Amino acid sequence: MIRRLAALAAVVALTGCSGEAADPGRQPAAPASSAVVSPTPSPPPTASPAPRPRVGSCRRLSYAAAVSPSAGRNEVPCRREHTAETFRVGDLDSVVGGHLLAVDSARIERQVSMACPRLLARFVGGTEEQRRLSMLRAVWFTPTVRQSDAGAAWFRCDAVVLAGARDLLATTGSLRGALDTATGRDRYGVCGTAEPGTRGFQRVVCDRDHTWRAIRTVGLGSGDYPGVARARSAGEDPCRAAGEAAADDPLDFQWGYEWPTADQWRAGQTWGLCWIPD
């Protein structure tokens, strides 16, 4: 395997709960008699429902914030530089058989982790092949357990662009329909800093300096991981043909192939990438 494909697919919780105990004030002094008057106890702190996010809002999130268990609400106008754009806010389906599921349950996590990537496809446009050849990803957020207990029952999907393995690309404006244009597909494509499989290779968004570009994918089916030998051999002929077709001289050209590891396969990457110098 040449290199791991970075993927953002982590369920994250949105913080922002509030609530403070009331000031109990001064303790009343004991009277002259032996009786002692106790102060009225203050109510315990409670969480306020997290404000429902707004579709079309933008934020400056670091990579760490995008994949951490919580993320701040640091909104900025979308006309300014930002790294995350909220493209969908939905309601959690948290009642099953008359029972309310916890917001951090596996069923809720599965629900949101399936919804946001599917909805991202509609938002950024392009074909499935074009989306696989892009660095556009979806990240998602749900309320904290305390906020859920206080009544918050939403999920939030954000669109981000991976700039590198651990970095997000700052953009301005909206990513809506970004892959419906040749300019968007070129800017947000999957590129490399060196020939795949060589020292110095790092996967980067094509908006950054690069020397190689991924130009097509090779589907490897579904089910169990096919193994390195089969995954590697499946892409040799298609990638050689893709490299030849893209070359100025069909007798003198370079091409590369990158196949998924078992870990990437389990994370959902069931295809390999064909590369050419760019």
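Our numbering applies: residue 907 is where the sequence shown begins, and numbers increase by one.
Where is the CB? At the ideal position from N, CA and C, for every residue including glycine.
All values reported here derive from a predicted model rather than from experimental measurement.
By the three-class DSSP mapping on this structure, what secondary structure does residue i have?
i, result
"residue 1173", "coil"
"residue 1045", "strand"
"residue 1076", "coil"
"residue 1128", "coil"
"residue 1019", "helix"
"residue 1090", "helix"
"residue 1101", "coil"
"residue 1068", "strand"
"residue 987", "coil"
"residue 993", "strand"
"residue 1145", "helix"
"residue 1001", "strand"
"residue 1052", "helix"
"residue 982", "strand"
"residue 1024", "helix"
"residue 1139", "helix"
"residue 1110", "strand"
"residue 929", "Bear in mind that the predicted position of residue 929 carries a pLDDT of just 34, short of 50, making it unreliable; the figure below should be weighed with that in mind. Residue 929 falls in the coil class under three-state DSSP."
"residue 1085", "helix"
"residue 1153", "coil"
"residue 971", "helix"
"residue 1134", "helix"
For residue i, which of the options has the nearest alpha-carbon?
i, options, result
"residue 1009", "973, 990, 1024, 1060", "1060"
"residue 961", "1017, 1172, 1118, 996", "996"
"residue 1154", "1137, 1183, 1179, 1143", "1183"
"residue 959", "1064, 1080, 1084", "1064"
"residue 970", "1071, 1159, 1180", "1071"
"residue 1171", "1162, 1127, 1143, 1156", "1127"
"residue 1214", "999, 1028, 1020", "Residue 1214 is absent from the structure shown; the chain starts at 907 and stops at 1184."
"residue 1018", "1069, 1178, 998, 1181", "998"
"residue 1030", "1104, 1101, 1162, 1080", "1080"
"residue 1196", "1159, 1179, 1136, 987", "The first residue shown for the chain is 907 and the last is 1184, placing residue 1196 beyond what the model contains."
"residue 1181", "963, 1119, 991, 1142", "1119"
"residue 1033", "1087, 994, 1013, 1160", "1087"
Across which residues does DSSP place residue i in a beta bridge pair?
i, result
"residue 1014", "DSSP, once it has assigned bridges, lists no residue as partnering residue 1014."
"residue 899", "The chain is shown only over 907 to 1184; residue 899 falls outside these bounds and no answer can be derived."
"residue 1119", "1097, 1182"
"residue 1034", "Answer by DSSP bridge pairing: none, since residue 1034 is not bridged."
"residue 1186", "What the structure shows of the chain is the stretch from 907 to 1184, and residue 1186 is not part of that stretch, so it cannot be assessed."
"residue 964", "982, 991"
"residue 1040", "1095"
Take residue i and list the residues in its own chain whose beta-carbon comes closer than 8 Å to its own, dropping the five residues that flank it on each side.
i, result
"residue 989", "965, 966, 967, 968, 972, 1066, 1067, 1074, 1075, 1076, 1077"
"residue 1177", "1038, 1123, 1124, 1125, 1126, 1166"
"residue 1036", "1085, 1091"
"residue 1142", "1163"
"residue 1140", "1124, 1126, 1132, 1165, 1178"
Please go through the same chain and pick out, in chain order, the residues whose beta-carbon is closer than 7 Å to the beta-carbon of residue i, but skip the five residues on each side of it.
i, result
"residue 1116", "1097, 1098, 1099, 1110, 1184"
"residue 1069", "1075, 1110, 1111, 1114"
"residue 1027", "1037"
Who are the near neighbours of residue i in its chain, counting only those whose CB is closer than 6 Å to its CB and skipping five residues on each side?
i, result
"residue 916", "Confidence at residue 916 is low in this model, with a pLDDT of 28, below 50, so the placement of that residue should be treated as unreliable; the coordinate-derived value is given next. Closer than 6 Å at the Cβ level, and outside the excluded window around residue 916, lie 973."
"residue 1113", "1093"
"residue 1138", "1165"
"residue 1108", "1099"
inquiry  = Is it the case that the stretch 1089 to 1109 contacts the stretch 1034 to 1041, given that we only count it when at least three CB pairs across the two stretches are under 8 Å?
reply    = yes
inquiry  = Does the structure place the stretch 1114 to 1132 close enough to the stretch 1164 to 1176 that three or more beta carbon pairs sit under 8 Å?
reply    = yes
request  = Mind the definition here: the stretch 1081 to 1092 touches the stretch 1141 to 1153 only if three or more C-beta pairs lie below 8 Å; say whether that holds.
outcome  = no
task = May I ask you to verify whether the stretch 964 to 983 touches the stretch 1051 to 1058, counting CB pairs closer than 8 Å and requiring at least 3?
result = no
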